[in-house]
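> Those letters in the sequence shown? Residues -18 to 409, per my numbering, in order.
All residues carry an ideal CB built from backbone N, CA and C; glycine is no exception.
Since this is a predicted model, take the numbers as computed values, not measurements.
Sharing a structure, written as structure tokens. Questions coming.
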Amino acid sequence: MHLTSQDLHSMGLPFHADETESEAPVGPSAGSSARVFDEEGRPLFLEGPGGITVLASRMPDGSLVPFGAAPAALEMEPGERAHYRAIERHKRRGAESRFSRNAAVANLSRGEMSVAATSGAAAMLDLPRVASLAARRLVAWPWFDRLFLALIAVAVILLAIENPDTDPNSTLGRFLAAAEVVFTVVFAIEILTKMLAFGVRCNRPGTYFRSPLNILDVVVVAADIVSFTGVLGTTNLAALRALRALRPLRTVERLPGLRRLVTSLVRSVGNLAHLCCLMLIFFALAGLVAMEVFGGSLSNRCFSLSDGSLDDGQERACGGMYSCDSGTFCGSDRVAPDMGVTTFTNIGWAGINLLFAVTLEGWTPLMYRSQDAVGQWAWVFWVAVVAVGSFILFNLALAVVTTNRAGNRKTSLRVGGEPVGRPGNPSR
């Protein structure tokens, strides 16, 4: 199969060619090189009827290497590198320029592989590169992610059905064990396919291991494989099988809305860290005030005047709004209520009680006990803590995440709906 510039134009592919070679056939019988580039001077992956077309470049040692995503991924000769830098400088100045470099087209049609090089000689592409291209096409198939998303959902449902009391020799037990093996093998094939498609070198953008979620996939599947094979024995199997609970996280990479939400949370970590510092300062200030004002007063109780015993059934603190009955006096046994938790004798316990207050969990009993111990005005302190901590600081965290999510949405809309350049995933 031969492709001419007219064929490329009919397929709607943006390109330009050298004027002297614009109508030269692209194929193994081409007498000269076929130089087909996009408008920015980057070589194209072409798909023609009946086969796949891959652009390749002659390297300095004379070998032919298929292009990846950009010419920067290839080694250039000094003259070519200087020319490419000059082109980039012209682009920054707003000038239009064309970048030409020696290229060849490898036609994969009907199982035959051939290359049209600059000298017109042919060369065979090695099978790993063909397999990588086929894996890229498979991963780019829209139903690829949908299929594995459905499989993950089924695997999670079966994981939820599992019961520790299920007999392994029962019908359900054998079915769950067989399904676990099948899902592990299928997910391992998915990982290997993506590794073949995107590569595994961590020092290049867009490769498989540049995505933390892909690393999570590998960890979960590897833990399943190790638990089945029994490499580590039976001691650590429970911990390894517990990693299966992370399977629902594998849906993050496949659902765009969920991925944007998680991305917003991750990008908010820096601002949330600053907010945490502000909250620590607030808790430190409020805790020091509570230590000075309340201290150990919540341990005050009413004791009998006759024998000094604690008034049975009396749990209210005294000394403030609450006064002891006749025949008793207000004293302290230094035992804080609620099993020693409700006290402000040190910054640690003060911080814990303040955390209860700002989460609106049982802050009114704290306020009432403080009023009984030190006076009615104690409500001012607790209302201020709840207003600042719960209604302002905690809502600032929500505002930070919402702002980052809105920024991510605007970025997605500018690039046409989905963030581009996701590591370990093809551009769609």
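Count the other CB atoms within 10 Å of the CB of S290; is the residue buried (16 or more) or exposed (fewer)?
By the 10 Å Cβ count, S290 comes out exposed.
> Which same chain residues, not among the five before or five after R235, have their C-beta less than 6 Å away from its C-beta?
If we look at R235 and ignore the five residues flanking it on each side, its Cβ neighbours are D126 and L130.
> Does D198 pass the burial test, meaning 16 or more other C-beta atoms within 10 Å, or should it be called exposed?
Buried: at least 16 other Cβ atoms inside 10 Å.
> Which word fits K175, buried or exposed, when buried means at least 16 other C-beta atoms lie within 10 angstroms of its C-beta?
It counts as buried.
> Mark T324 as exposed unless 16 or more other C-beta atoms lie within 10 angstroms of its C-beta, in which case mark it buried.
Buried is the call here.
> Taking the beta strand (DSSP E) that S313 belongs to, which residues open and close that run?
Run containing S313: T309 to S313, per the beta strand (DSSP E) assignment.
> Taking just the CA atoms, how far does T309 sit from S249?
Their Cα atoms are separated by approximately 57 Å.
> Can you name the start and end residues of the beta strand (DSSP E) that F179 belongs to?
Unbroken run through F179 is the alpha helix (DSSP H), T152 to F179; no beta strand (DSSP E).
> Have a look at V287 and V367 and give me their C-alpha separation to the nearest angstrom.
The displayed chain sequence assigns Ser, not Val, to residue 287. So the two alpha carbons sit approximately 42 Å from each other.
> Would a C-beta distance cut-off of 9 Å place F362 and V243 closer than the cut-off?
Cβ distance not < 9 Å, so F362 and V243 don't count as in contact.
> Can you tell me the Cβ-Cβ gap for L347 and A354, rounded? I've got them flagged as a contact below 8 Å.
About 11 Å; that fails the 8 Å criterion.
> Report the rounded CA-to-CA distance for R315 versus W330, giving the unit in angstroms.
Each residue's alpha carbon lies about 14 Å from the other.
> From A380, T345 and C283, pick the residue whose C-alpha is nearest to that of S307; which is it?
The shortest Cα separation from S307 among A380, T345 and C283 belongs to C283.
> With a floor of 3 residues, list each beta strand (DSSP E) that falls wholly inside the segment 242 to 323, ordered by position along the chain.
Listed in chain order, the complete beta strand (DSSP E) runs (minimum 3 residues) inside the segment 242 to 323 are 281 to 285 and 309 to 313.
> Hey, quick one: how far does the alpha helix (DSSP H) through V410 stretch, first residue to last?
Not covered by the structure: residue 410. The range shown for the chain is -18 to 409.
> For a quick check, are the C-beta atoms of T232 and V202 less than 9 Å apart?
The answer is no: Cβ separation not under 9 Å.
> Tell whether a beta-carbon distance below 9 Å holds between N252 and V369.
Not closer than 9 Å, so no.
> Return the chain-ordered list of same chain residues with a C-beta closer than 6 Å to the C-beta of C299, the five sequence neighbours on each side being excluded.
Answer for C299: N281, C283, C305 and C311, listed in chain order.
> So, is A204 buried or exposed, given that buried needs 16 or more other C-beta atoms within 10 angstroms?
With 16 or more Cβ atoms within 10 Å of its Cβ, A204 is classed as buried.
> Considering only residues of the same chain and omitting the five flanking positions on each side of W124, which have a CB-CB separation below 8 Å?
None.
> How long is the line joining the alpha carbons of S192 and Y349, rounded to whole angstroms?
S192 and Y349: Cα-Cα distance of roughly 52 Å.
> Just tell me which of L119, A158 and C257 has its CA closest to the CA of N376.
For the residues L119, A158 and C257, the minimum Cα distance to N376 belongs to C257.
> State the Cα-Cα distance for the pair I172 and I196, rounded to the nearest angstrom.
Those two C-alpha atoms are separated by around 10 Å.
> Among the residues of its own chain, which have a CB less than 7 Å from the CB of E143, if the five just before and after it don't count?
Within the same chain, E143 has close Cβ partners L157.
> Thinking M302 and G356 are a contact (beta carbons under 8 Å), I'd like their distance in whole angstroms, please.
Contact holds; Cβ gap of about 6 Å.
> Mark T147 as exposed unless 16 or more other C-beta atoms lie within 10 angstroms of its C-beta, in which case mark it buried.
So T147 ends up on the exposed side.
> Tell me, to the nearest whole angstrom, how far the beta carbon of F264 is from that of G332; I am working on the premise that it is less than 8 Å.
The pair is a contact, with the Cβ atoms about 5 Å apart (cut-off 8 Å).
> Helix, strand or coil: which one does DSSP assign to Q352?
The answer is helix: DSSP assigns Q352 an H, G or I state.
> Let me know the secondary structure DSSP gives R235 once reduced to three states.
If DSSP states are grouped into helix, strand and coil, R235 belongs with coil.
> Leaving out five residues before and five after A359 in sequence, what residues of the same chain have Cβ atoms less than 7 Å from its Cβ?
So the list reads M348, S351 and Q352, once near-sequence residues are dropped.
> DSSP three-state label for F209, please.
Helix.
> Nearest to R222 by CA position, among P237, L259 and E161, is which residue?
Closest option to R222, Cα to Cα, is E161.
> Specify, as a first and last residue, the run of the alpha helix (DSSP H) that A226 falls within.
Neither: A226 is in no alpha helix (DSSP H) and is coded neither H nor E.
> Given a cut-off of 9 Å on the beta-carbon distance, is the pair S208 and R386 in contact?
No, Cβ-Cβ distance for S208 and R386 is not below 9 Å.
> Is A158 near the ligand FMN, in the sense that its beta carbon is under 8 Å from a heavy atom of that ligand?
Among the ligands in the structure shown, none appear at all, so the ligand FMN cannot be discussed.
> What span of residues does the alpha helix (DSSP H) with N334 cover, start to end?
Element bounds for N334: I328 to V339.
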